[in-house]
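> Residues in the sequence shown are numbered from 1 upward in steps of one, following UniProt numbering. The C-beta atom is built at its ideal place from N, Cα and C for all residues, glycine as well. The structure under discussion is supplied below as C-alpha cells; questions concerning it will follow.
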Amino acid sequence: MLLEGRPLSLVTPAGIEDWTKKGIPHRLRYDQVRDPRSGNLMYRCLYEKVGGGMPYVLVSDPDTGDGGFVILFERLPDSEQ
1 MLLEGRPLSL VTPAGIEDWT KKGIPHRLRY DQVRDPRSGN LMYRCLYEKV GGGMPYVLVS
61 DPDTGDGGFV ILFERLPDSE Q
C-alpha cells in the first residue's frame, strides 16, 4: 500500500491509544480512496508521528473478525470538514 509513492505502515486503534498514553506526538488526516469491495469513494485515516515522516494507515485489529482491513469512513468527522 502506497501514499504518494511512499509505503504505508499499519497501525490499529490500540496502537494509537498506546502512542497517546506514551506521550508520542502524532497527527492525523484523511484522504479519499475507492473501497475495493464496493467501488464507492470512502475516506481512510492516516497518522504520522510528529517528526517521524512515515505515514501509518488505520487498520482494524487483525485478531478480530475483520482480519486487519483498512478502516474506511463514509464521511469525514465534523472536525475534519
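1. Would you check if the distance between the CB atom of Tyr47 and the CB atom of Leu28 is smaller than 7 angstroms?
2. For Leu41 and Ile16, what's the separation of their Cα atoms in angstroms?
3. For Arg34, which option in Asp78, Val70, Pro77 has the closest C-alpha, if you only look at C-alpha atoms?
4. How far does the alpha helix (DSSP H) with Lys21 in it reach, from first residue to last?
Based on what the coordinates show:
1. As a working note, residue 47 is residue 47 in the sequence shown. As a working note, residue 28 is residue 28 in the sequence shown. In this structure, the beta-carbon distance from Tyr47 to Leu28 falls below 7 angstroms.
2. What you label residue 41 is simply residue 41 of the sequence shown in a count that begins at 1. What you label residue 16 is simply residue 16 of the sequence shown in a count that begins at 1. Between the C-alpha atoms of Leu41 and Ile16 there is a straight-line separation of about 25 angstroms.
3. Here residue 34 is taken as the residue at index 34 of the sequence shown, counted from 1. Taking Arg34 as reference, the option from Asp78, Val70, Pro77 with the minimal CA-CA separation is Val70.
4. Here residue 21 corresponds to residue number 21 of the sequence shown, with the count starting at 1. Element bounds for Lys21: 13-21.
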